[in-house]
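Below is one structure, written out as structure tokens; the observations come after it.
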Ligand code: SF4
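Chains as they are written, first to last, in my numbering: chain F, 1 to 217; chain G, 218 to 847.
Here is the structure:
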């Protein structure tokens, strides 16, 4: 048995495909490639795949991670990549593939934070976005309710900054949010804390930050 | 009309505000996108219900494949947006668009609707409206797309006649190309719209309703159907394939959950059983089978092409497929390299051999075993021509429980002609016996699901003369069943009597019904197939407004010599044969499977040339003597 870790981008048209449905998308791509999936035991055997950090519906990502377990010893990561490339659906672009030890912790447990880029469809009046961001970072806690549970969003926001572009009104933000188990920030929650409708912007996850990279950032 | 880019931009702003936005973006694996300008003709294929139901539709998958294999044509898809999305589209001025390239439907050359059932009619109007295309055929000109429709409901095209330019009656694989060809030569000659319609009427299997007009008697029945153009055919005969083409295996794989997430392979067309209520059994005659090797090759191709592990083998009566045992054996041997393959085989006969078949297919037994006895007394079984004894039913159900299935699903139909409460009580009795025996064999795990549909007399069947039960009678029958069939491990399903009524008046409707459909739609009727959306009041008001009586269509027994609104559409089965069968039913006379003996239903003389071109066992009708060549 082999464990393969794939890092990939999830883009249109898969942007509206849920975390659960992505599981099926991967299964089918792997089956089309005739790669030997391994299955769980039990009445309804499930292929062994493990995706890190669910991406909310409508958010694209340039940095996703999935681990797959394959029943083979001979294939190299590169060979697997070459076979898989031909059967991937539009919207998945693999940028790294590595064989990792079978006992490696699940990818979810390695991620500590995630970065996002937010593009507003309509720019706010001049200086308005800057003002709201400044106000947001100045407070000590932002109490919000999600799924009937109260939580503090503020400590989950590790960083927030404005992206300035020449000759363009300010309409883009960069965010770094905590992404630890039980302490995961959502970009749409930050938007609404800024008084913006989460459906008025395009959100992209640009990077997952792993524990081992933490020293770098 | 908005450009594809403008539509795309507006979409991005609304998609996050609706449920399941993945329905509205396309991008499925195996979808085909061609450059818009690179082809001569652009066809939009529309299923007038939501994506989740439309994507798995086999008929449209076949046409999509047929058309896209032509280099000079592109075919794209559209489905009905759910209510939330429709509101958004109307608010933001987004017209109905194709999922592939996001072009407005109005920018296509041809828009084809799939109409398998009558309860999609108001949705069809709604989609035309959402596409900003005039609803009535008479209001469209050369600048609008040609609107065509096909599917089982269109064997009685009259209720939708004022909205559709041309109906394709019967099997579409060949005729769709001829429609496109006729369109292309019309376009290059630059004629008027009427020239296109006349040209289309010359394509065998195409019905252009505007070239015909019905005359009515004072009592509202039809006197005759008149041609308005000398060259139009009368009757219009359905189109069939002499030889079934290789089954489609180039399926789209959706990016979200849909109802039948699987490969569907049709193993044969037609049915020789002759159940008298069954519309499909008549309109799909003759029986033509696909060879097992072709089916297996298609399954293999589809599995490789899609990555699915689930396959449904479709037909009206799987047990009647001549090579069924060979097929299941070969599937389990030759596809052994797919260890998790799951094959479903619906419509099995009520006999223990069916269990052997499913066991060979490694059926998981968790999904339950489905049987359709339809009736529970011998009298009713003779009337509907589905002879299956209670003993045989019980022997089969008993074996099903004993051999490891814990759930059985039984389908019955109430409301058959001359059915009494006693016949209905017998349904309850037999269900109780089935479950009691199951309890004896496997204890409290034994579960029974009973589905009770309500009979609707359909055009082109032996029961086309029959009256439909009134809602009061239907309700009393359903009450009896609900009272008798309750308890642990017993689940009962039935159809809303008002929805049955709608199906009844639309199935045997005439051309005047078009106005009723229009008025009902104007009053908010849409998604009629959805129990929680069905708007009976809108339909009642529409009938009133049009000064028509729904009972005329539903509860009126027809005179034996009545001209029906669909008489000028020929399925190949003669009306006199249907009448004989109706009379046989009234006398309780059975007619056996016509595989053992041909009853001359009319199919052979109508299609004798095709039969001659396709000799041998491949058709289940007897061979026609070949022409002697001098
Ligand atoms: S022609 Fe004869 S064998 Fe063929 S469908 Fe009709 S009755 Fe059956």
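Even glycine gets a Cβ: it sits at the ideal position worked out from N, Cα and C.
Since the structure is predicted, the reported quantities are computational estimates derived from the model, not experimental observations.
Chain A residues whose Cβ lies nearer than 7 Å to that of residue 521 of chain G: Here chain A cannot be found, since the structure's protein chains are F and G.
Under 7 Å between C-beta atoms of residue 414 of chain G and residue 423 of chain G: Along the second chain, read from residue 1 onward, the residue named residue 414 of chain G stands at position 197. Along the second chain, read from residue 1 onward, the residue named residue 423 of chain G stands at position 206. No, the pair does not count as a contact, with Cβ atoms beyond the cut-off.
Beta-carbon proximity list for residue 496 of chain G, same chain, < 6 Å, skipping 5 on both sides: Translated into positions along the second chain, residue 496 of chain G becomes position 279. Answer for residue 496 of chain G: 675 and 678, listed in chain order.
Near-chain F residues of the stretch 231-261 of chain G (beta-carbon distance less than 7 Å), N- to C-terminal order: 232, 233, 234, 238, 239, 242, 243, 244 and 246
Neighbourhood of residue 11 of chain F by C-beta distance below 6 Å, restricted to the same chain and skipping five residues each side: Your numbering for residue 11 of chain F matches position 11 in the first chain. Closer than 6 Å at the Cβ level, and outside the excluded window around residue 11 of chain F, lie 60 and 91.
heavy atom of ligand 1 below 6 Å from residue 503 of chain G C-beta: Translated into the one-based positions of the second chain, residue 503 of chain G becomes position 286. The answer is yes for residue 503 of chain G.
Burial state of residue 571 of chain G (16 or more Cβ within 10 Å): Locating residue 571 of chain G in the second chain gives position 354, where the first residue counts as 1. When all chains shown are included, residue 571 of chain G counts as buried.
Sub-7 Å separation of residue 133 of chain F and residue 170 of chain F beta-carbons: Mapped onto the first chain, residue 133 of chain F falls at position 133. Mapped onto the first chain, residue 170 of chain F falls at position 170. Going by C-beta atoms, residue 133 of chain F is not nearer than 7 Å to residue 170 of chain F.
Cβ of residue 58 of chain F within 7 Å of any chain G Cβ: Within the first chain, residue 58 of chain F is the residue found at index 58, counting from 1. By this cut-off, residue 58 of chain F is an interface position.
Min CB distance residue 524 of chain G to chain F below 7 Å: Looking up residue 524 of chain G in the second chain gives position 307. It does; some Cβ of chain F falls within 7 Å.
Pairwise C-alpha distance: residue 119 of chain F and residue 202 of chain F: Start at 1 with the first residue of the first chain, and residue 202 of chain F comes out as number 202. Start at 1 with the first residue of the first chain, and residue 119 of chain F comes out as number 119. Roughly 5 Å between the two C-alpha positions.
Contact the stretch 191-211 of chain F vs the stretch 262-282 of chain G: 3+ CB pairs below 8 Å: no
Check whether residue 625 of chain G and residue 562 of chain G have beta carbons under 7 Å apart: Locating residue 625 of chain G in the second chain gives position 408, where the first residue counts as 1. Locating residue 562 of chain G in the second chain gives position 345, where the first residue counts as 1. No, these two residues do not count as a Cβ contact at 7 Å.
Residue 689 of chain G vs residue 630 of chain G beta-carbon contact at 7 Å: Mapped onto the second chain, residue 689 of chain G falls at position 472. Mapped onto the second chain, residue 630 of chain G falls at position 413. Taking 7 Å as the Cβ cut-off, residue 689 of chain G and residue 630 of chain G do not qualify as a contacting pair.
Contact between the stretch 17-24 of chain F and the stretch 108-116 of chain F (3+ Cβ pairs under 8 Å): no
CB contact check: residue 219 of chain G to chain F, cutoff 7 Å: The residue given as residue 219 of chain G occupies position 2 in the second chain. Cβ-Cβ to chain F under 7 Å: no for residue 219 of chain G.
Chain-order list of residues whose beta-carbon lies under 7 Å from that of residue 577 of chain G (same chain, five-residue window excluded): Along the second chain, read from residue 1 onward, the residue named residue 577 of chain G stands at position 360. Taken in chain order, the residues that qualify are 545, 546 and 549.
Any C-beta of chain G under 7 Å from that of residue 11 of chain F: Your numbering for residue 11 of chain F matches position 11 in the first chain. Chain G, which has no Cβ nearer than 7 Å to the Cβ of residue 11 of chain F, makes this no.
Buried or exposed (CB count within 10 angstroms, at least 16 for buried), residue 851 of chain G: What the structure shows of chain G is the stretch from 218 to 847, and residue 851 of chain G is not part of that stretch, so it cannot be assessed.
Own chain residues within Cβ distance below 6 Å of residue 382 of chain G, not counting five before or after: As a working note, residue 382 of chain G is residue 165 in the second chain. Around residue 382 of chain G: 354, 363 and 364.
Within-7 Å CB hit, residue 16 of chain F to chain G: By 1-based counting over the first chain, the position of residue 16 of chain F is 16. Cβ-Cβ to chain G under 7 Å: yes for residue 16 of chain F.
Residue 816 of chain G: CB within 6 Å of a non-hydrogen atom of ligand 1: For the purposes of this step, residue 816 of chain G is taken as residue 599 along the second chain, with counting starting at 1. Under cutoff, so the answer is yes.
C-beta contact flag for residue 494 of chain G and residue 601 of chain G at 7 Å: In the second chain, residue 494 of chain G corresponds to position 277, counting from 1. In the second chain, residue 601 of chain G corresponds to position 384, counting from 1. Yes, the pair counts as a contact, with Cβ atoms nearer than the cut-off.
Secondary structure, beta strand (DSSP E): runs of 3+ residues fully inside the stretch 48-89 of chain F: 49-51 and 60-70
Alpha-carbon spacing of residue 406 of chain G relative to residue 835 of chain G, whole angstroms: What you label residue 406 of chain G is simply residue 189 of the second chain in a count that begins at 1. What you label residue 835 of chain G is simply residue 618 of the second chain in a count that begins at 1. Looking at the two C-alpha atoms, the distance is approximately 42 Å.
Within-7 Å CB hit, residue 473 of chain G to chain F: In the second chain, residue 473 of chain G corresponds to position 256, counting from 1. Residue 473 of chain G counts as touching chain F.
Residue 557 of chain G: contacting residues in chain F (beta-carbon distance under 8 Å): Position 340 of the second chain, counted from the start, is the residue given in the question as residue 557 of chain G. Going along chain F in sequence order, the residues near residue 557 of chain G (Cβ under 8 Å) are 39 and 45.
Segments assigned beta strand (DSSP E), at least 3 residues, entirely inside the stretch 620-669 of chain G: 624-631
Separation of residue 332 of chain G from residue 509 of chain G, as counted between CA atoms: Taking the first residue of the second chain as position 1, residue 509 of chain G is located at position 292. Taking the first residue of the second chain as position 1, residue 332 of chain G is located at position 115. Straight-line Cα distance between these residues: approximately 30 Å.
Chain F contact residues for residue 470 of chain G, given Cβ-Cβ distances below 7 Å: Your numbering for residue 470 of chain G matches position 253 in the second chain. Here the neighbours are 28.
Nearest neighbour of residue 140 of chain F, chosen from F/128, F/158 and F/129 [CA to CA]: If you number the first chain from 1, residue 140 of chain F lands on position 140. Closest by alpha carbon: F/158.
For residue 116 of chain F: DSSP bridge partner residues: Taking the first chain and counting its residues from 1, the one referred to as residue 116 of chain F is at position 116. In the DSSP output, where bridge partners are listed per residue, residue 116 of chain F has F/175 and F/205.
Residue 845 of chain G to residue 825 of chain G span [Cα, whole Å]: The count along the second chain starts at 1 and reaches residue 845 of chain G at position 628. The count along the second chain starts at 1 and reaches residue 825 of chain G at position 608. Low confidence applies here, because residue 845 of chain G scores a pLDDT of 48, under 50, leaving its location unreliable; read the following figure in that light. Straight-line Cα distance between these residues: approximately 15 Å.
Supposed contact pair residue 221 of chain G and residue 261 of chain G - C-beta distance, whole angstroms, cut 8 Å: Walking along the second chain from the start, residue 261 of chain G turns up at place 44. Walking along the second chain from the start, residue 221 of chain G turns up at place 4. About 13 Å separates the two Cβ atoms, so there is no contact after all.
Anticipated Cβ contact below 8 Å, residue 487 of chain G with residue 368 of chain G, distance rounded: In the second chain, the residue the question calls residue 487 of chain G occupies position 270. In the second chain, the residue the question calls residue 368 of chain G occupies position 151. Their Cβ separation, rounded to whole angstroms, is 17 Å, which puts residue 487 of chain G and residue 368 of chain G out of contact at 8 Å.
Residue 188 of chain F (DSSP reduced to helix, strand or coil): In the first chain, counting from the first residue as 1, residue 188 of chain F sits at position 188. Helix at residue 188 of chain F.
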